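Worksheet: the structure to be examined is printed underneath.
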Amino acid sequence: MMRVLRGPFRPMLFNSMEIDPMPTHHAGAMPPDLAALAVFDVTEFPFVVVRNDAIASTGYAQRWLDDMHALMRHGEPFVMIFPPARPDEAHDDRKERGMWLKQNRAALAAVCRALITIEPDPTEREAAIANASGIEKAFGIPFDVTASLDDAKQAGRRRLAEAV
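Here the working numbering = 1-based position in the sequence shown + 16.
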């Protein structure tokens, strides 16, 4: 059976069948347009992991903004994972990020399917869970709290699947 292709597609031969070439990214494959991010690890995209070492220095907000713009331009859904032992950030960096988040709340929610924080300590995890609804309301994005990176990825897969 021969399919009729409409639009700007060029058929290619694969196992004696014509198929539509369609670029897709799968977990574990870093999208080339995101390879230069400084604040986020995207080696397992759509899992975007915040690099604690990148946010530990004062003045990181501009790198964060640049990376967020790259993620937004990329346009594919993702989940953002915050590893444990996050450093305190400088007031000016927090203020700059906060302004960006306020201005871009809806656009970010269109591609970011969840914010997921990892908190191995049960007491701290319960405190984070208690604050989850306030964070969800502020960002307009679901917020999950997990005990490990594996749990965070599982929660991320679930959030990505819910959005389909």
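Idealized CB from N, CA, C, for every residue including glycine. In this text, all values refer to a predicted model and were calculated from it rather than measured experimentally.
Residue range of the alpha helix (DSSP H) that includes residue i
| i | result |
| --- | --- |
| R67 | R67 -> no alpha helix (DSSP H), and no H or E assigned at all. |
| F155 | 138-155 |
| D160 | Segment 159-162 is the beta strand (DSSP E) holding D160; no alpha helix (DSSP H) there. |
| R102 | Note, R102: premise wrong, no alpha helix (DSSP H); not H, not E. |
Spatially closest choice to residue i from the options, by CA coordinates
| i | options | result |
| --- | --- | --- |
| D160 | A171, D166, D137 | A171 |
| G182 | I71, V66, M115, P62 | Outside the displayed range of the chain (17 to 180) lies residue 182, so it cannot be described from this structure. |
| A168 | A70, D109, V65 | V65 |
| M84 | T162, A148, A54 | A54 |
| I97 | E178, V180, A177, T162 | T162 |
| R110 | V95, G75, L87, D82 | G75 |
| V180 | E152, D69, A146, P93 | P93 |
Whole-angstrom C-beta distance between residue j and residue i, which should lie under 8 Å
| i | j | result |
| --- | --- | --- |
| R173 | R129 | In fact, because the Cβ distance is near 10 Å, the residues do not count as touching under 8 Å. |
| A132 | P100 | The residue asked about is misnamed: residue 132 is Ile in this sequence, not Ala. Rounded, the Cβ-Cβ distance is 12 Å, inconsistent with contact. |
| A154 | E112 | About 16 Å; that fails the 8 Å criterion. |
Continuous beta strand (DSSP E) stretch holding residue i: start and end
| i | result |
| --- | --- |
| V58 | 56-60 |
Residues sharing a beta bridge with residue i, DSSP
| i | result |
| --- | --- |
| A130 | V95 |
Handout entry: Contact the stretch 137-148 vs the stretch 120-128: 3+ CB pairs below 8 Å
Key = Contact between the stretch 137-148 and the stretch 120-128 is absent: fewer than three C-beta pairs spanning the two stretches fall below 8 Å.
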